[in-house]
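To keep things clear, I will list the structure first and then write my remarks on it.
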Amino acid sequence: MNTETKPVYQTQPVAETGNPFAAIKTHAELIAALFSGVLILAGWLLDREGFQSASVAVYLAAFVIGGFAKAKEGIEDTIENKELNVEMLMIFAAIGSAIIGYWTEGAILIFIFALSGALETYTMNKSHKEISALMDLQPEEALLHSAGQEKKVHVSELVIGDHILVKPGERVPSDGKIVKGQTTIDEAAITGESMPVSKATDDEIFAGTVNLNGSITVEITKLSNDTLFQKIIKLVQSAQSEKSPSQLFIEKFEGRYVKIVLSVVALMMVLPHFLLGWSWTETFYRAMILLVVASPCALVASIMPATLAAISNGARHGILFKGGVHLENLSHLHAIAFDKTGTLTKGKPEVTDFVAVSDVSAEEILAITASIERHSTHPLAQAIVNYATEQLNQPLSEPNYIEDVPGWGVKAVIADEEWTIGKANFTPSNQTEEFKLKAEALAQSGKTVVYVTRGEELAAIIALKDVVRQETKAAIELLKKQGIYTIMLTGDSKETAAAIAAESHVDEFIAECLPETKVDQLKALKEKYGNVAMVGDGINDAPALASANVGIAMGEGTDVALETADVVLMKNELPKIAEAISLSRRMNAIVKQNIIFSITVIMVLISSNFLQVLDLPYGVIGHEGSTILVILNSLRLLRS
């Protein structure tokens, strides 16, 4: 069987197209196979009634109708690759059977071969279904909102900065951010997550997702051909066309094997007559059976359908593989290195502790601190403002004077009082021993401490931390159960790294890593553990992602990380890594089952033929039946 991937992205179910001719075209191979089966039955009945000439004519029609697609494919591939293939073996076997008068057996061979080919085509189409459906989901038009007017335009006409209106029930035509309105978005097409997500001003939304209940104005942030939606399609299309090492080996093996089979069959047509005393008819008959049963159809079909089914399964669950080679390699991993910021952690600092001096109102200090910090764009300042907004029910005041000192902090005047917010060395406060010990304890636990002073007196200390993702511990534990060693690579200090490592449960951490040292560390890990994966999301992770045996990028990461990685987690869910490894192991197990089963069947059938206990119909059923079983076994990977 030729398992080379054919472009089937344009194929659509009749329910979607409404065109009955499209349905016939889609299932032409199956229809031809079934019709040839009907003709075989008619030929057999005619032969029983003594109409031999008519039965031969009907069998010829069955040969042509059932075998046309495979014969055409085999001849074209032979001419293109200048090498014989299994399709040609089947053609020779069917013709040879007819020559010696076994019309029924030859026709049955064509019928089952065509049927298994139709099943294989079905498997390929099934594995592409999720991507075909995704392509149909992307809207072609958008409602452009400009100068108070609205007009429908093709999505390709949208440019960055355009404002479009997305009404309830409509699909989002391009990536952007909400500038007006709030709604709930169904992001299942992108993330695989069935639960809708609430969205408001400044939130990102993606092409292909569904606006459920609110009218929103969206500012376009990416061109239609550069959306996350389009990247998903391109990634999976690329993955489905790239072959795994096992598949490449089988394809090389197929060409040599076919030559060996034809050579042995040529000898089989002559030698048994002289050496074993077989009749010429028996000799030729046994040679034709050998031609059938020795054909490696099931062996060739052992890998590609399984790989495509697994890639399709991953795409449906938000795991994108850029090729079968990466999917296959995942099962061989012994260790995984994780970037810290944005991967194990959320990548955004959050306030974990707010400690005010005992004789001052904590709410008052927090309100004044937030009033000052909201004028800063520093991530720590924004985190403090967000914390205050959640904790307070009072409006923030406006400072009379603000001075931002980059790298240190900020000075401000509110109600004729001078306030300083920043590092310990920047704030002129007289700290008590109690607060010094408290601040040191917070710093040792991996937190960043910000000091707030009023005049010369300490008013409060605020501890912030890049918080470990909620699912990180579960993800690491799942990997440990799979026998994977986990390492965290970070540019943070040893104290901070130790705290995050302990909280996330990784086996080991390497601190104070620069982008170039991450690559060096990864090379050292590969020498120590063999196959190592790298998980990251930032520009600085790209070199390490490229150096790893398998690079895994977080879906919300930078474009550079997404382009460099071999696997992409569309929704930043770390447990998906363990799921991807399990899928890889399942795929490799099924491939091994298929290969062992197909080789065993071939050996049994060949042995039975030499012992003269195997007739052609049973040889056909055993050989082609094994191919069908192998493909059905591969289809199990489509299930969750």
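Offset between the sequence shown (1-based) and this note's numbering: plus 40.
Built from N, CA and C at the ideal position, the CB exists for glycine as well.
What you are looking at is a predicted structure, and each value in this text was computed from that prediction instead of being measured.
| query | Nearest to V453 by alpha carbon, out of I442, L183, P208, A503? | reply | Here residue 453 corresponds to residue number 413 of the sequence shown, with the count starting at 1. Of I442, L183, P208, A503, the residue nearest in Cα terms is I442.
| Closest to V40 by CA distance: which of A187, G216, Q189, P208 is it? | Nothing about residue 40 can be read from this structure; the chain reaches only from 41 to 680.
| task | Measure how close the beta-carbons of G83 and I150 come, nearest whole angstrom, since I'm counting them as under 8 Å. | result | Here residue 83 refers to the residue found at position 43 of the sequence shown. Here residue 150 refers to the residue found at position 110 of the sequence shown. Rounded, the Cβ-Cβ distance is 12 Å, inconsistent with contact.
| said: Within the continuous beta strand (DSSP E) that includes P389, where are the two ends? | reply: Translated into positions along the sequence shown, residue 389 becomes position 349. P389 -> beta strand (DSSP E) spans 385–396.
| request: Name the one or two DSSP bridge partners that L504 has. | output: Start at 1 with the first residue of the sequence shown, and residue 504 comes out as number 464. DSSP output for L504 lists V391, T488 as bridge partner(s).
| task | Below 6 Å CB to CB, which residues in the same chain sit around V237 once its five sequence neighbours on both sides are set aside? | result | On the sequence shown, residue 237 is found 197 positions in, with the first residue counted as 1. The residues are I225, E227.
| Thinking C-alpha only, which one of I351, K611, N121, V304 is nearest R679? | Numbered from its first residue, the sequence shown carries residue 679 at position 639. Closest option to R679, Cα to Cα, is I351.
| request: Mind checking which residues open and close the alpha helix (DSSP H) that includes L124? | output: Within the sequence shown, the letter at position 84 stands for residue 124. First-last for L124: undefined, no H or E at that position.
| Where Q633 sits in the DSSP three-state scheme | For the purposes of this step, residue 633 is identified with residue 593 of the sequence shown, where counting begins at 1. Of the three classes helix, strand and coil, the one that applies to Q633 here is helix, per DSSP.
| Pairwise C-alpha distance: T417 and L614 | Locating residue 614 in the sequence shown gives position 574, counting from the first residue. Locating residue 417 in the sequence shown gives position 377, counting from the first residue. Cα-Cα distance, rounded: 29 Å.
| message | Taking a contact to mean a Cβ-Cβ separation below 8 Å, would you say K262 touches I204 in this structure? | response | Indexing the sequence shown from 1 puts residue 262 at position 222. Indexing the sequence shown from 1 puts residue 204 at position 164. Not in contact: K262 and I204 (Cβ atoms no closer than 8 Å).
| query | Exposed or buried, which one is V450 when buried takes at least 16 other CB atoms within 10 Å? | reply | Here residue 450 is taken as the residue at index 410 of the sequence shown, counted from 1. Looking at its Cβ environment, which holds 16 or more other Cβ atoms inside 10 Å, V450 is buried.
| message | Once the 5 residues before and after G254 are set aside, which same chain residues still bring their CB inside 8 Å of it? | response | If you number the sequence shown from 1, residue 254 lands on position 214. Here the set comprises P208, G221, Q222, T223, T224.
| request: Report the option in G382, A109, G523, T460 whose CA atom is closest to the CA atom of E496. | output: Here residue 496 refers to the residue found at position 456 when the sequence shown is read from its first residue. Checked all of G382, A109, G523, T460; the closest Cα to E496 is T460.
| request: Given a cut-off of 8 Å, decide if G576 and D379 are closer than it, judged by their beta-carbon atoms. | output: Here residue 379 corresponds to residue number 339 of the sequence shown, with the count starting at 1. Here residue 576 corresponds to residue number 536 of the sequence shown, with the count starting at 1. The answer is yes: Cβ separation under 8 Å.
| message | K563 and A551 - do their beta-carbons sit closer together than 8 Å? | response | For the purposes of this step, residue 551 is taken as the residue at position 511 of the sequence shown. For the purposes of this step, residue 563 is taken as the residue at position 523 of the sequence shown. Their beta carbons are not under 8 Å apart, which means A551 does not touch K563 by this criterion.
| Could you give the residue range of the beta strand (DSSP E) that holds F378? | Translated into positions along the sequence shown, residue 378 becomes position 338. Counting along the chain, the beta strand (DSSP E) containing F378 begins and ends at 375–379.
| task | Could you check what DSSP says for I424 in three-state terms: helix, strand or coil? | result | Translated into positions along the sequence shown, residue 424 becomes position 384. I424: helix per DSSP, three-state reduction.
| query | Applying the criterion that 16 or more other CB atoms from any shown protein chain within 10 Å of the CB defines a buried residue, is E457 buried or exposed? | reply | Here residue 457 refers to the residue found at position 417 of the sequence shown. Label assigned to E457: exposed.
| Hey, A147 and Y99 are a contact pair by Cβ (cut 8 Å); roughly how many whole angstroms apart? | Counting from one through the sequence shown, the residue named residue 147 turns up at place 107. Counting from one through the sequence shown, the residue named residue 99 turns up at place 59. Yes, A147 and Y99 are in contact; Cβ-Cβ is about 5 Å, under 8 Å.
| said: Buried or exposed, going by whether 16 or more other CB atoms sit within 10 Å of the CB of Q280? | reply: Along the sequence shown, one-based indexing puts residue 280 at 240. In this predicted model, Q280 has a pLDDT of only 48, less than 50, meaning its place in the structure is not dependable; the value taken from the coordinates is given anyway. Answer is buried; the Cβ neighbour count reaches 16.
| Which whole-angstrom value is the C-beta distance of K505 and T383, which I expect to be below 8 Å? | Taking the first residue of the sequence shown as position 1, residue 505 is located at position 465. Taking the first residue of the sequence shown as position 1, residue 383 is located at position 343. Not really, about 16 Å apart at Cβ, beyond 8 Å.
| request: Could you name the residues that DSSP lists as bridge partners for S238? | output: In the sequence shown, residue 238 corresponds to position 198, counting from 1. T224.
| Whole-angstrom distance between L86 and L645, CA atom to CA atom | The count along the sequence shown starts at 1 and reaches residue 645 at position 605. The count along the sequence shown starts at 1 and reaches residue 86 at position 46. Cα to Cα, the separation comes out at about 31 Å.
| field | Beta-carbon proximity of T526 to I376, cut-off 8 Å | value | For the purposes of this step, residue 526 is taken as the residue at position 486 of the sequence shown. For the purposes of this step, residue 376 is taken as the residue at position 336 of the sequence shown. Yes.
| query | Are at least three pairs of beta-carbons, each pair with one atom in the segment 653–668 and one in the segment 327–334, less than 8 Å apart? | reply | yes
| DSSP puts E190 in a beta bridge; with which residues? | For the purposes of this step, residue 190 is taken as residue 150 along the sequence shown, with counting starting at 1. Per DSSP, H185.
| message | Taking DSSP's pairing of strands, which residues face L360 in a bridge? | response | Taking the first residue of the sequence shown as position 1, residue 360 is located at position 320. The partner list for L360 (beta bridge, DSSP) reads V608.
| query | What number of angstroms, rounded off, separates the C-alpha of A593 from the C-alpha of A584? | reply | Your numbering for residue 593 matches position 553 in the sequence shown. Your numbering for residue 584 matches position 544 in the sequence shown. CA-CA distance, A593 to A584, rounds to 11 Å.
| Quick check: the segment 355–365 against the segment 509–527, are there 3 or more CB pairs under 8 Å? | no
| query | Among V305, V298, L302, which has the Cα closest to the Cα of V340? | reply | Counting from one through the sequence shown, the residue named residue 340 turns up at place 300. For the residues V305, V298, L302, the minimum Cα distance to V340 belongs to V298.
| said: Whole angstroms are fine: how far does the CA of N612 sit from the CA of E170? | reply: Position 130 of the sequence shown, counted from the first residue, corresponds to residue 170. Position 572 of the sequence shown, counted from the first residue, corresponds to residue 612. Annotation note: pLDDT 48 at E170 (below 50); position unreliable, no value reported.
| field | C-alpha gap between P439 and L432, whole angstroms | value | As a first step, residue 439 is located in the sequence shown; it is residue number 399 there, counting from the start. As a first step, residue 432 is located in the sequence shown; it is residue number 392 there, counting from the start. Whole-angstrom Cα-Cα distance: 18 Å.
| Can the beta-carbon of K558 be found closer than 8 Å to that of L529? | Counting from one through the sequence shown, the residue named residue 558 turns up at place 518. Counting from one through the sequence shown, the residue named residue 529 turns up at place 489. For K558 and L529, yes; Cβs fall inside 8 Å.
| query | Taking E390 as the reference, which of N369, F361, E413, Y427 has the closest Cα? | reply | Within the sequence shown, numbered from 1, the residue matching residue 390 stands at position 350. E390 has its Cα closest to that of Y427, out of N369, F361, E413, Y427.
| query | In its own chain, which residues sit with a C-beta less than 8 Å from the C-beta of Y325, not counting the 5 before and 5 after it? | reply | Here residue 325 is taken as the residue at index 285 of the sequence shown, counted from 1. So the qualifying residues of the chain are I140, Y142, L656.
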